[in-house]
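Engineer: Take a look at this one; I'll ask things after.
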Amino acid sequence: MSRIMVALGSPREESNTKLLAQIMSEAATNAGAEVETVDAARMAIGPCTACFGCDKSGKFECVIEDDMKPLYAKFPNVDVLVLATPVYWYGPTAQIKAFMDRLYACVRFNAETHGFDTCFPEGMKMAALITAGGDAFDGADLIVNMIRHAAQGIGFGYAGTLLAARCTGPDAIRGNAALMQQARDFGRSLA
Ligand SMILES: Cc1cc2nc3c(=O)[nH]c(=O)nc-3n(C[C@H](O)[C@H](O)[C@H](O)COP(=O)(O)O)c2cc1C
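Residue numbers for the sequence shown, in my numbering: -17 to 173.
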């Protein structure tokens, strides 16, 4: 059974993304997965400053002292990392992008193997959970591509996408039985 980390990127309390992630996580837990949710939008996670302190230290962690720091010790126990974000201006929120950029410290190119060394377990996969006010091609598609390419480019797997288009408020999710079922199925597929 998988160990799943869900990184939440919406700054809103009444968040479509958070609600959808909860439904997905509950199903994954019921299917036997261990799920930990990290509310990245409520943590102090600054942007990468390209200091390459991670490369210099040889450790798979960033040298910036903020709320990202304790997460590095958890990553070796994460089989599936779900990046959960609303679409903001045809991309992910700044909060989830900062979280992603800080994962730079977890991956290092190995000139001998021409592959990447990482602190994540072998076979680790990323996944995307996206909510959008528009339709699937008003930016959500770009985030899917970004996360999928990022994962595959550094040798991780891609576990799939849960995309909820035309979300204006949480009722758009609670009132959509098919979407909630899709979220449960997605959670089970990650478990
Ligand atoms: C600043 C901002 C920019 C947005 N940009 C887009 C966009 O480019 N495309 C889109 O489909 N929805 C866009 N939306 C709508 C949100 O993605 C959508 O309402 C989402 O479900 C909000 O998720 P949340 O409730 O988890 O915060 C935007 C919303 C905000 C606040």
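Just so you know, even glycine gets a beta-carbon here, dropped at the ideal spot from N, CA and C. Nothing here was measured: the structure is a model prediction, and the numbers come from that model.
1) Assuming aspartate 21 and leucine 2 make a contact with CB atoms under 8 Å, what is their CB distance in whole Å?
2) Between the segment 76 to 86 and the segment 1 to 19, do at least 3 Cβ pairs fall closer than 8 Å?
3) Given that a residue counts as buried once 16 or more other Cβ atoms are within 10 Å of its Cβ, and exposed if not, what is tyrosine 72?
4) Closest by CA to arginine 166, which one among Tyr140, Asp120 and Leu111?
5) Confirm, please, whether the CB-CB distance from alanine 122 to leucine 145 is below 7 Å.
6) With three or more C-beta pairs closer than 8 Å as the rule, is the segment 23 to 32 touching the segment 45 to 63?
7) Taking the continuous alpha helix (DSSP H) assigned at tyrosine 153, which residues delimit it?
8) Quick test of your reading: proline 68 and asparagine -2, contact by CB under 8 Å. State the CB separation rounded to the nearest angstrom.
9) For cysteine 149, count neighbouring C-beta atoms within 10 Å of its own C-beta (all shown protein chains included) and say buried if the count is 16 or more, exposed if not.
10) Take the Cβ of phenylalanine 81 as the centre, count every other Cβ of all protein chains shown within 10 Å, and call the residue buried at 16 or more, exposed below.
11) Looking at glycine 34: is its Cβ nearer than 7 Å to the Cβ of cysteine 101?
12) Per DSSP, what are the beta-bridge partners of proline 68 in this structure?
13) Tell me whether glutamate 18 sits in a helix, a strand or coil according to DSSP, three-state version.
14) Which of helix, strand or coil does DSSP assign to valine 60?
Structural biologist: From the atom records:
1) In the sequence shown, residue 21 corresponds to position 39, counting from 1. In the sequence shown, residue 2 corresponds to position 20, counting from 1. With a Cβ gap of about 14 Å, aspartate 21 and leucine 2 do not count as contacting.
2) Two segments are said to touch when three or more pairs of C-beta atoms, one from each, lie closer than 8 Å; by this definition the segment 76 to 86 does not touch the segment 1 to 19.
3) Within the sequence shown, the letter at position 90 stands for residue 72. Tyrosine 72 should be labelled exposed.
4) Mapped onto the sequence shown, residue 166 falls at position 184. In terms of Cα proximity to arginine 166, the closest of Tyr140, Asp120 and Leu111 is Leu111.
5) Numbered from 1 along the sequence shown, position 163 holds the residue referred to as residue 145. Numbered from 1 along the sequence shown, position 140 holds the residue referred to as residue 122. Taking 7 Å as the Cβ cut-off, leucine 145 and alanine 122 qualify as a contacting pair.
6) Contact holds: three or more Cβ-Cβ distances are below 8 Å.
7) Residue mapping note: residue 153 aligns to position 171 of the sequence shown, counting from 1. As written in the sequence, residue 153 is aspartate, which differs from the tyrosine given in the question. First-last of the alpha helix (DSSP H) with aspartate 153: 153 to 156.
8) Mapped onto the sequence shown, residue 68 falls at position 86. Mapped onto the sequence shown, residue -2 falls at position 16. Indeed, because the Cβ distance is near 7 Å, the residues count as touching under 8 Å.
9) Within the sequence shown, residue 149 is the residue found at index 167, counting from 1. By the 10 Å Cβ count, cysteine 149 comes out buried.
10) Within the sequence shown, the letter at position 99 stands for residue 81. Counting C-beta atoms within 10 angstroms of its own C-beta, phenylalanine 81 has 16 or more neighbours from the protein chains shown and is therefore classed as buried.
11) Counted from its first residue, the sequence shown places residue 34 at position 52. Counted from its first residue, the sequence shown places residue 101 at position 119. Correcting the residue identity first, residue 34 is phenylalanine in this sequence and not glycine. It is not a contact, given that the beta carbons lie outside the stated cut-off.
12) Position 86 of the sequence shown holds residue 68. Answer by DSSP bridge pairing, in chain order: Thr113.
13) Taking the first residue of the sequence shown as 1, we reach residue 18 at position 36. Correct three-state label for glutamate 18: strand.
14) Taking the first residue of the sequence shown as position 1, residue 60 is located at position 78. Looking at valine 60 - three-state DSSP - the assignment turns out to be coil, as it is neither helix nor strand.
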